[in-house]
Structures are given as structure tokens and as C-alpha cells.
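Residue numbers (our numbering): -5 to 520. Every residue gets a Cβ at the ideal spot worked out from N, C-alpha and C, and that includes glycine. On a predicted model such as this, the values are computed, not experimentally measured, just so you know. Before any comments, here is the structure.
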Ligand code: ADP
Ligand code: MG
Ligand code: ZN
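As C-alpha cells, this is what we get:
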């Protein structure tokens, strides 16, 4: 099992930080310089004089630092304007996301000629909310909108607004809108709007409330003919204050979801257009393999592959580069094994258990690689599977998923007995327990079929039998997994033996070893 790297766009924050650091460094540098010069010239300076000088310098530094902060904010805004002017980014920089693009096309037309819409008495949304998982292109879409319309782009992140001191964030909002209105038609982009627009009941904060109120009042302050559009983005739409979503505010909401297979293909095509891709590479296959990748993940994949090809001084980016990049991204880089012989055997059996269960219970998931080499994220070994894309998740599927997770532990128990269990299965077991818990308390898939224990608990309180049901469910599934592996010991052992030799196996090779030995009557898959 694996998680995806969550690379959030923290560019603006970093930019802000860099500016502050630079200004501070300049201030301190100047101060130290003048201190040395000073003490050389007046070699008989008394301690008191030096002290006063240092105190004064400290005072000046504080003032500089404070104005540096404001300046950094101002500069960040200013920098974004410049960026927009030089920006070549437009709708052609965005692959996939068709519905979002269609919605933004209308806004582009409006930005280019706001009066036309005013003449018809049509009211454009003042605010647009883009929501969806990280890396799906929300920032890119906002920039592309400004680029297409040829208007300045003012960007700030919600977390930049939220300061420790009450009123600072609100002041910044007003400052931002003042600048934007001076620019005329423009796009104001507020990233991570959840940082200032959280539901107020969640965690009250005066500063955040004031900042949010300032934003709302600025938004109601400009009229529809002005040609200003505020685009906000969030990964967590569900936590937003409903006040933000009312008419006249962010009343157009656009979901920016993870790309499907065809969309992944077009994103891969876009990001390989400027790269010397070998003719033998089949991007269609790569698109199949990258279920769950965001646009940013795909861009990163292409870039990693290009780096590998460059390091080899190769003429083209080959399939092998793409596969190596893929593995590096989803599993982390293989490291040399530090395990001794006995440990390697345990890890091999554990991973073989996962692989066998996966092959039997979810044959639609393609095994990509089985390894007993430690990878990133502290894993001692791993199974890499490409899950089939699905919209609906059924009970059978979830049960099978739990069995596959528990199969590592189950294989250890079958091979070495209960006394020899290791800690290696801890995250598998935690994940299995989470799935089981949601089946019991939210999905009505264990015990009483039509009751959501979570909802019941919210409404009436005092639900206490949930944990018992989770245990019963997990216990039953663990037994089932033990039986399944027991009936297929040969396959587990054969794969484990090969793994101890080879340390890492290509998915197709592992599947070959298993398929020759697995009991023919397969359980039906979900
Ligand atoms: P978000 O703001 O949703 O977290 P970003 O807009 O910052 O995502 O996306 C990061 C990068 O990923 C983009 O600069 C782009 O290179 C790539 N990317 C994401 N989605 C797409 C897409 N639909 N088409 C092309 N590139 C994309
Ligand atoms: Mg972003
Ligand atoms: Zn495991």
C-alpha cells in the first residue's frame, strides 16, 4: 500500500518568506558593517556608547523588520502583477479539467469586456471558488484565466492574511483590493481560502473573523461592471464558512477533481511536448498506471524521468526512465537492505502474503512490483499495486481490501507461529481497522445494515457497540485471510523464496510465479 506525495503549492508563502529574510539580512548586514567601521574609527568608545549604539541598531532593526513584513506583502502582490504581465500561461497550459475551463471561458469573456455584460444587465459572479485535491491545477486555472484575458493577476495565500495581531489581516485585504482596483480589470487570487474562511463555530478567532469580514465587505464594494474577479482555491471546501458561498460572494463553485484516465493521458501529453520522448514510450499505458495521480503528480513524473534521462546523457527519455521515476514517486527510492538473513525471510513472507491475497481477492488490481528492499517512508518492503478505477465501492471490495492488508501479518503467523509476530504489520493493521470502522459506523455494512452509527451518535449520543462490531468484523476477515493463505502456502513460499534471492520483482514476474501455483477456484472479486 502506498500514499501519494502531497506537494502543496506553497510558492507564495516561500516567496514572502524569502523577501522577509532578504530584507532582514540586508538590514543586519548593514548594521554589522557600520558597527565594525564605527568601533575602528573611535577606538576609545566607551562601553556605554557601544551599548547605546547596539540598542539603537536593535531599534532600527525592529522597525526595518516590521516594515519589511509589510513590504514583503506589498512586493508579493507587486511581483504577482509583473508575473501576470510576462505570463505566457493560458488555457492551452491546462489539459483536462474541461468543465472548469468552460466555466472560466465565460469569465474570460467578461474580463475582456465587462461593459458588454453590464449592457445586458447580466450579473457576473464576483467570486469563483475552485475546490478539489492538491495538485489538480487550481492555481494554474486561476493564472490561465488572467493570462487568457490579459489582465493583471494578484495572488495571496489565505495563510498570509491570518496574522497573530488582530486587524493586520483585514488591513492587508483592504490594501490588496485597493491595489487591484487601481489596476482596473484584474484577477485576484486567494489561495488556501480555508485558512481565513473556516466555519466560525469550528475555532473562533477574532483576527480571522475580521479578515473574513473585510474580504466580504470589499467584495460587496465593487460593482459588476468593474471587471474584477476574485478566484479562491481550497482543498477543503467542506470546512468553509457558508457566509462565503452566498450570492454576491463566491457564488460560482467549480470542482477541480483528480483526472481520469483520458485526462491523465492529455496531461502527460502536454507535459511531454517539450521533452525528447522516445518513440517506444506508450503514454496510454502510463496513464493507466497512474490512477490517483494529480496533474502535479504527472508533471512531477515527467520531470523526474527527464532528469534521469539527462543524468544518463541519453538521447531520449525511455520507458525505463518513466518506470524508475514512477517507482521513485510512489514508493520512494530503494535503499540497500539492512536486514539480516532471518529478517529478510520474514519481510519476504510478509510481502508474499500481501501479493497472494491481492492476486486472489482483487485480480483486477495490477501488481507492479514486489520488493523487500527498504523504500522511503520507513517501509521494510512493499507491494505496489495499481488499483482499478472505480466510482462505487462495494462491501465485498472493502472486505477484500481489508484481507489484503491483513495478509502480511497472516502470512507471518502461518510461517512462524503466533509467538514470532513482528511489528512490521502495524500500519497495515491500522489501515484495515480504519476501513472496518467506517464500514461499521458510517456505511452500514456490518451488523445492522441500515444504521449509521456515526449519525446515530451525533443525533442521540451514547452509541457504545461500534467498537465491538469493528472487532467482530476484523476477526472474521483475519480468519478468512489465514484460511486463504493456508490453502495457498506453496504460492506464498515460492514467491518469498524468489524475493529473498532477487530482493525486488517486477509485477509481471511475481504474477507469473503466483499464477502457476494459486488454487484455481478463485474467490469472486468485488
Ligand atoms: P493546485 O493549485 O490545485 O494545488 P497547481 O495549479 O499548483 O495545483 O498545479 C501544480 C502544477 O501541476 C501545475 O503548475 C502544472 O504543471 C501541473 N498541473 C496540474 N493540473 C494540471 C492540468 N490539468 N493540466 C496541466 N498541468 C497541470
Ligand atoms: Mg494551488
Ligand atoms: Zn504489510
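Checking the 7 Å criterion, the Cβ of residue 344 is within range of a heavy atom belonging to the ligand ZN. 8 Å or more divides the Cβ of residue 319 from the Cβ of residue 292. Residue 461: member of the alpha helix (DSSP H) spanning 460 to 480, first to last residue. Going down the chain, each residue whose beta-carbon is closer than 5 Å to a heavy atom of the ligand ADP shows up: 3, 88, 89, 90, 91, 128, 129, 130, 131, 132, 133, 134, 261, 289, 290 and 293. Distance from the C-beta of residue 500 to the nearest heavy atom of the ligand MG is not below 7 Å.
Under DSSP, the beta-bridge partners assigned to residue 121 are 224. Here the alpha carbons of residue 401 and residue 506 stand approximately 19 Å from one another. Boundaries of the alpha helix (DSSP H) harbouring residue 111: 108 to 113, taken from the DSSP string. As the crow flies, the alpha-carbon of residue 221 is around 7 Å from that of residue 180.
Using a 10 angstroms sphere on the CB of residue 356, the tally of other CB atoms reaches 16 or more, which defines it as buried.
Within the same chain, 447, 448 and 460 come within 6 Å of residue 435 by CB-CB distance, once the 5 residues on both sides are set aside. Distances taken from the Cβ of residue 185 to the heavy atoms of the ligand MG include one shorter than 7 Å. Using a Cβ distance threshold of 8 Å, residue 170 and residue 135 do not count as a contacting pair. DSSP, read as helix, strand or coil, puts residue 185 in strand.
If you check the CB distance, residue 462 and residue 429 do not come in under 8 Å. A contact is defined here as three or more CB-CB pairs under 8 Å, and the segment 326 to 346 meets this definition with respect to the segment 478 to 490. Following the DSSP letters along the chain, one finds residue 200 inside the alpha helix (DSSP H) bounded by residues 200 to 215. Under the DSSP assignment, residue 142 falls in the alpha helix (DSSP H) whose first and last residues are 132 to 143. The count of Cβ pairs closer than 8 Å, one atom from the segment 262 to 274 and one from the segment 297 to 314, reaches three, so the stretches are in contact.
One Cα belongs to residue 466, the other to residue 390, and the distance between them is close to 16 Å.
Under the three-state reduction of DSSP, residue 457 is assigned to coil, being neither helix nor strand. One thing to note: residue 101 has its Cβ within 8 Å of the Cβ of residue 122. For residue 420 and residue 305, the gap between their C-alpha atoms comes out near 38 Å.
Residue environment: residue 381 is assigned as exposed (fewer than 16 neighbouring CB atoms within 10 Å of its CB, all protein chains considered). DSSP, read as helix, strand or coil, puts residue 271 in strand. Ranked by Cα distance from residue 144, the first of 176, 111, 85 and 117 is 85.
Taking the Cβ atoms as the reference, residue 129 lies roughly 18 Å from residue 300, outside the contact range of under 8 Å. Membership of residue 509 in the alpha helix (DSSP H) is indicated by the continuous run 501 to 509. DSSP places residue 339 within a helical segment (H, G or I) once states are collapsed to three. For residue 147, the three-state secondary structure derived from DSSP is strand. In the structure shown, residue 162 falls within a helical segment according to DSSP collapsed to helix, strand and coil. Going by DSSP, residue 434 is part of the alpha helix (DSSP H) stretching over 420 to 435. The set of residues whose C-beta lies within less than 5 Å of a heavy atom of the ligand ZN reads, in chain order, 402 and 422. Here DSSP, grouped into helix, strand and coil, assigns residue 362 to strand. Bridge pairing for residue 376: 365 [DSSP]. When the beta-carbon positions are compared, residue 177 and residue 153 stay at least 8 Å from each other.
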